[in-house]
Amino acid sequence: MPFDSKNDAGHTIVSIDETRLDASLSEPLRIYLFDQIDNGSDNLVIDLSQVRFMDSSGLGALVAGLKKMGGAGSMKLASAQPAVMDLFSLTSMDKLFTILPTVTEAIKEK
Amino acid sequence: MTDEKGQAVRLEIDSELANTTLIAMAVRGLCAMTTLSPVEVNRVELCVVEIVNNAIEHAYGNEKGHKVEVGVSLLQACLMLTISDWGKPMEQGKLGSRDMSVDPDNPAAWLCSGRGLPIVQSLMDSVEYQTVGDKNSFIMSKQIRS
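Note that the protein sequences, when read in sequence, are chains A and B. At position 19 of the first sequence the residue is numbered 19 (the numbering used here), and the sequence of numbers has no breaks. At position 81 of the second sequence the residue is numbered 81 (the numbering used here), and the sequence of numbers has no breaks.
Laid out in structure tokens, this is it:
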């Protein structure tokens, strides 16, 4: 599975080791995020630094994770690449997600 | 395949989501022959992926073993893409809404799917859907600067 997680300063950092977060990977990502949340991770940072392309399915998996948090805790995005940032802007999802330039900044951000 | 107006190529994949990448990469390569900017190429790739995904997921219900055909025409003034399937036609009325507004204060209304067509309609200069016989085609174009 191209997902990994580690704990850092009270946050769970989920990394995606794929350049394309598309429909073939969106459901496995959704399940992975749900598992993390069900297992008690309430401060998630999604490291998108490797992702060069994301489609609406990949975006949907992230929205599903954010909805599952249900307002408890946080889910922030880090290191979104230009095409990914463009998708968030086009779909107004940049209004839902807190997007930081780096994982370090995402951890520090209150 | 050529005509008097430009050049055209036809690509074909089996109806598996993992195969969408093949189409995406091929279309990126063809876009490199045009004056489209890197941002525009990314957006054309996104649109092609969204429509091919729709064909696989909705026309064929995620069932392997069916044909998805992508025609790419490089014309003088535009890039034309035709994505065809021989599955269940798209419901009438699916095309039209480009609304992707979201209310951050209303999580219940946050959509986890259904953004593909609004994205495509927002990014392409024209979109059209037609069914002729048992063939469904989504036709979209992007203007090219000369």
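Don't be surprised by glycine CBs; every beta carbon is placed ideally from N, CA and C. Values in this document were obtained by computation on a predicted structure and should not be read as measured data.
Chain E within 8 Å of residue i, Cβ atoms only
i       : result
B:GLU91 : Of the protein chains in the structure, A and B, none is chain E.
Reduced DSSP category for residue i - H, G, I as helix; E, B as strand; rest coil
i        : result
B:ASN62  : coil
A:LEU59  : helix
A:ARG30  : helix
B:LYS94  : coil
B:THR2   : Below a pLDDT of 50, predicted positions are generally treated as unreliable, and B:THR2, at 45, falls in that range; the measurement from the model is reported next regardless. Three-state result, B:THR2: strand.
B:THR131 : strand
B:ARG145 : coil
B:ALA24  : helix
A:LEU90  : helix
A:ASP47  : strand
A:ALA78  : strand
A:THR12  : strand
A:ASN7   : strand
A:LEU96  : coil
A:LEU25  : helix
For residue i, the residue or residues it bridges with in DSSP
i        : result
B:GLU12  : B:GLU69
B:LEU75  : B:GLY6
B:ASN42  : Paired residue(s): none; B:ASN42 is not in a bridge.
B:PHE138 : B:ILE83, B:TYR129
Cα-Cα separation between residue i and residue j, rounded to whole angstroms
i        : j        : result
B:ASP99  : B:PRO118 : 7 Å
A:ASP70  : B:ALA108 : In the sequence as presented, Asp is not what sits at residue 70 of chain A; that position holds Gly. If you take the alpha carbons of A:GLY70 and B:ALA108, they lie about 10 Å apart.
B:SER126 : B:LYS94  : 15 Å
A:ASP8   : B:LEU22  : 37 Å
A:SER57  : B:ALA55  : 14 Å
A:ILE99  : B:HIS58  : 32 Å
A:LEU33  : B:SER101 : 25 Å
B:CYS31  : B:MET80  : 11 Å
A:ALA23  : B:TYR129 : 22 Å
B:VAL147 : B:SER84  : This structure cannot settle anything about residue 147 of chain B, because the visible part of chain B is limited to 1 through 146.
A:ILE107 : B:GLN92  : 46 Å
Exercise for the section: Decide yes or no for the touch test of the segment 15-22 of chain A against the segment 50-70 of chain A: beta carbon pairs closer than 8 Å, at least 3 of them. Expected result: Taking a cut-off of 8 Å for Cβ pairs, the segment 15-22 of chain A and the segment 50-70 of chain A touch, as three or more such pairs fall below it.
Problem - Three or more C-beta pairs below 8 Å linking the segment 70-84 of chain B and the segment 21-35 of chain B - result: Yes, the segment 70-84 of chain B is in contact with the segment 21-35 of chain B.
Practice task
Examine the Cβ distances between the segment 1-15 of chain A and the segment 31-40 of chain A and report whether three or more of them are shorter than 8 Å.
Solution key: By the Cβ rule, the segment 1-15 of chain A counts as touching the segment 31-40 of chain A, because three or more pairs are nearer than 8 Å.
Exercise for the section: Give a yes or no on contact between the segment 55-69 of chain A and the segment 24-39 of chain A, applying the rule of three or more CB pairs nearer than 8 Å. Expected result: Yes: the two stretches touch, three or more of their Cβ pairs being nearer than 8 Å.
Practice task
Report yes or no: do the segment 35-49 of chain B and the segment 9-17 of chain B share at least 3 C-beta pairs separated by less than 8 Å?
Solution key: The way I'd put it, the segment 35-49 of chain B doesn't touch the segment 9-17 of chain B; fewer than three beta-carbon pairs between them come closer than 8 Å.
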